[in-house]
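K.L.:
So the sequence shown is numbered by UniProt numbering: it starts at 1 and just counts up by one. Ideal placement from N, C-alpha and C gives every residue a C-beta, glycine not left out. What follows is a structure written as structure tokens; I'll ask about it next.
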Amino acid sequence: MKICPKCGEKNNKEARFCTKCGYNFGTGSGSAQNKSKK
Numbered sequence: 001m002k003i004c005p006k007c008g009e010k011n012n013k014e015a016r017f018c019t020k021c022g023y024n025f026g027t028g029s030g031s032a033q034n035k036s037k038k
């Protein structure tokens, strides 16, 4: 189990992103939803 350092949510140990806030465990960056550029 992985605990998200950003929001504290419990995630599957194989998870790439937090299911609650979208934190990227691979790169240590924030929400995946906020990555799109306009």
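Return helix, strand or coil for Asn24, following the three-state DSSP convention.
P.N.:
Correct three-state label for Asn24: strand.
K.L.:
Please report how far the alpha carbon of Ala15 lies from the alpha carbon of Pro5, in whole angstroms.
P.N.:
Answer to the nearest angstrom: the Cα atoms are 13 Å apart.
K.L.:
Which same chain residues, not among the five before or five after Glu9, have their C-beta less than 6 Å away from its C-beta?
P.N.:
These residues qualify, in order along the chain: Cys18 and Lys20.
K.L.:
Roughly how many whole angstroms lie between the Cα atoms of Lys13 and Ile3?
P.N.:
Their backbone Cα atoms lie some 9 Å apart in a straight line.
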